[in-house]
Structure formats: C-alpha cells, structure tokens
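Single-structure report; data block below.
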Amino acid sequence: LKHQNSHDEL
Amino acid sequence: MNIFRLAGDLSHLLAIILLLIKIWKTRSCAGISGKSQILFAVVYVSRYLDLVTTFISLYNTLMKLVFITSSFATLYLMYVKFKATYDHNHDSFRIEFLLLPCFVLALLINASFTPLEVLWTFSIYLEAVAILPQLFLVSKTGEAESITSHYLFALGSYRALYLLNWIYRYYAEGHYDLIAIFAGAIQTILYCDFFYLYITKVLKGKKLQLPA
Chain R
6 LKHQNSHDEL
Chain L
3 MNIFRLAGDL
13 SHLLAIILLL
23 IKIWKTRSCA
33 GISGKSQILF
43 AVVYVSRYLD
53 LVTTFISLYN
63 TLMKLVFITS
73 SFATLYLMYV
83 KFKATYDHNH
93 DSFRIEFLLL
103 PCFVLALLIN
113 ASFTPLEVLW
123 TFSIYLEAVA
133 ILPQLFLVSK
143 TGEAESITSH
153 YLFALGSYRA
163 LYLLNWIYRY
173 YAEGHYDLIA
183 IFAGAIQTIL
193 YCDFFYLYIT
203 KVLKGKKLQL
213 PA
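Residue numbers (my numbering), protein chains in the order written: chain R, 6 to 15; chain L, 3 to 214.
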C-alpha cells in the first residue's frame, strides 16, 4: 500500500 | 470510479442544483449563507487549478467546470441579482478565522510542498469547515426552509459517500489519502447534528426548527 493523492476525485 | 464515488458526486451536483433552484424560484437567497458560498468558490478554484495542468477524464473535467461555474453563478445571484434578499445581518461568521488556519495547516501538512499541492490541500481543509457559516446562520435564525434543508442534506451526504468510497478504494485498490480521509471525516461529523434534525423533522414533513 502506498500513499497517493486523490487528485482523480472531485 | 465506484458506486459510492458516483453517488457522492451526484449528491454534490444535486445539492448545487437544489440551491440554484431555491434561489431562482423564490427569487430570494434568504436563509443561505453568502460566507459559505464564498468559501465553496475558494475551495473549487484552489482545488481545480489542475484543470489546466492534468487531464484525468472528460467526466472529471466537466464536473470541475460545473462546480466552479455554478458556485460563481450562486455568488452572482446572492450578491448581485437578489442582493436585497440576502440575510447579511445573520450571516456574521468571520471567514478569515477559517481561511487563515486552513492555509497555515496546508503549508504545514501536505503531500508535497509545491504551490499546486499546497493549494489542493488548502481546498480540502477549507471544504471540511466551509459549511460552518451556513450552520451558524441556521442556528442564529433557528430554522431553515425545507429546500434549504434538502440542499444541506445532499451536500452533507456527498462527503459521507466519499468516506465509503475511500473505504472501498482502500480494500479494492490499496489506495488511500490520509489528508482527504481526515478532512472528509471532520466534514461529515460537522453535519451529524443537522442529519439528525433532518431525519427526525424534515422527512416527517415538519419544518426544520431548532429547539429553543
């Protein structure tokens, strides 16, 4: 598991 | 995209449409906090700056454009077209007390210290608390029109559905974003008292009135 930004969300 | 995420986005869209309908049909923005609407406009602009740098999908781009445009349309209706109906005596929340701490927090806790990322993080923190002036206005006047209640319910449900989306994504994709999850949880908690009143009163056909 890696930390990711939710930039694909609104 | 999963069902929770889609339901969350649609709920968010419904909230915005309900608000515009309320103002347009009643020719009045009474009971709506212009301060909250200013904060939402700041949230959308600072978060969706990536419209010009990153393309994710047509859906993503269109929704972002709808959110930005509709928030400015709401501001126009409140501060220009139906300015006379704006309840500014009751809408006295000082938004700098939200803007400044959120900005400082975004400078301190972010995924990477770049302008776009700090602004994205700022928008996530600010969105979590942007409804406070609206809840403050409802508590000051002691009541809300039913369409305003539906608006608030849809707007609160959106982040609650996103929380389910994040749980789903954690298990299905191994994806998690602690900043978004933390802020989204706070955002949803702020609506809990309102959700309770909505379910116990508005859904039973009563007006949302706070106990004296």
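Just so it is clear, CB atoms sit at the ideal spot from N, CA and C, and this is done for glycine as well.
Under DSSP, residue 210 of chain L takes part in a beta bridge, and its partners are L:146.
Note that the C-beta distance between residue 13 of chain L and residue 156 of chain L is below 9 Å.
Among the residues of the segment 61-73 of chain L, those with a Cβ less than 8 Å away from any Cβ of chain R are 62, 65, 66 and 69, in the order of the chain. Membership of residue 114 of chain L in any alpha helix (DSSP H) is not indicated, and neither H nor E is assigned to it by DSSP. For a Cβ distance threshold of 8 Å, nothing in chain R lies close to residue 133 of chain L: the least Cβ distance comes to about 17 Å.
Relative to residue 112 of chain L, the option among L:79, L:126, L:164 and L:18 whose CA is nearest is L:126. In the three-state DSSP reduction, residue 177 of chain L falls in the strand class (E or B).
CA-to-CA, the gap between residue 173 of chain L and residue 159 of chain L works out to about 22 Å. Residue 167 of chain L sits in a helix when the DSSP states are folded into three classes. In this structure, residue 62 of chain L and residue 170 of chain L do not form a Cβ contact; the two beta carbons are roughly 18 Å apart against a cut-off of 8 Å. Closest option to residue 139 of chain L, judged by alpha-carbon separation, among L:175, L:119, L:106 and L:97: L:97.
Counting every other CB atom within 10 Å of its CB across the protein chains shown gives residue 54 of chain L a total below 16, marking it as exposed. Here DSSP, grouped into helix, strand and coil, assigns residue 33 of chain L to coil. Sequence-distant partners of residue 74 of chain L (beyond 5 residues in either direction) whose C-beta falls short of 8 Å from its own C-beta, in its chain, are 43. Around residue 204 of chain L, the same chain offers 148, 151, 152, 155 and 210 as residues with beta carbons nearer than 8 Å, after the five sequence neighbours per side are excluded.
The Cβ atoms of residue 135 of chain L and residue 35 of chain L lie closer than 9 Å to each other. Contact of residue 89 of chain L with chain R by beta-carbon distance below 8 Å is absent, the smallest such distance being about 29 Å.
Residue 196 of chain L sits close to residue 137 of chain L, with the two beta carbons spaced by under 9 Å. In the pairwise beta carbon analysis, the segment 18-34 of chain L is classified as touching the segment 76-95 of chain L: at least three pairs are separated by under 8 Å. Cβ neighbours of residue 142 of chain L within its own chain (closer than 7 Å, five residues either side excluded): 92. Collapsing the DSSP output to three states places residue 95 of chain L in coil. Along the segment 7-32 of chain L, going in chain order, the ones with a CB nearer than 9 Å to a CB of chain R are 7, 10, 11 and 14.
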